[in-house]
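In the working numbering, the protein residues as written are 2 to 203.
The C-beta atom is built at its ideal place from N, Cα and C for all residues, glycine as well.
Being a predicted model, the structure only gives us computed values, none of them experimental.
Following: one structure in structure tokens, then a few remarks.
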């Protein structure tokens, strides 16, 4: 009984430490030509390329919206890692589990991937503990001359357990991203982006 109480207390403390305050809305209009900055000067911290060209996001209804065609796309960043949460429905950045408010970008929710992975997890939006993606050298982020890059080719839907190639997928994915600009390993208000992928759709 004491061991069970200790484990519960430890988990609660860990979840509380990873929780962050709500994200303030931004006035951004989109990304510039290299995709690394929003037009109001706020950093995004990553770019998305498809078929060798940068995909410029537009600010639409509160989301940085990326229009993608079928097929692989590449996420590039100058930073060592980034977190990305994707789901088929946006139910907010913060979820509650056992009365603990937790960001969907929290490290305790990161799913395990292989170093040569091309897979992005698509979370079950009905599950407050569904996994996010940590893009780092341990999960497929490759170092290059112009920065680090991750080639996404597959979506793994955690709700159904199905894996779908991006070459065969059409739909909308909502998400949140975090890039640790200052290296303090804490989620800052100015380090989060709210995104939407429109894949082979309008």
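Three or more pairs of CB atoms, one per stretch, sit closer than 8 angstroms, so the region 171-188 contacts the region 100-110.
Between the region 52-72 and the region 117-132 there are fewer than three inter-stretch CB-CB distances shorter than 8 angstroms, so the stretches are not counted as touching. Residue state for residue 108 is assigned as helix, using DSSP reduced to three classes.
Per the coordinates, the alpha-carbon of residue 165 lies some 6 angstroms from the alpha-carbon of residue 157. Residue range 95-98 is occupied by the beta strand (DSSP E) that includes residue 96. With fewer than 16 other beta carbons inside 10 angstroms of its own, residue 115 counts as exposed. Restricting attention to 171, 66, 62, the CA atom closest to the CA of residue 49 is found in 66. DSSP places residue 159 outside both helix and strand once states are collapsed to three, so it counts as coil.
According to the DSSP secondary-structure assignment, residue 148 is paired through a beta bridge with 145.
Beta-bridge annotation (DSSP): residue 70 is not paired with any residue. Taking the Cα positions, residue 95 is about 18 angstroms away from residue 83. One Cα belongs to residue 149, the other to residue 101, and the distance between them is close to 34 angstroms. Counting along the chain, the unbroken beta strand (DSSP E) around residue 88 starts and ends at 83-88. Straight across, the Cα-Cα distance linking residue 60 with residue 69 is about 15 angstroms.
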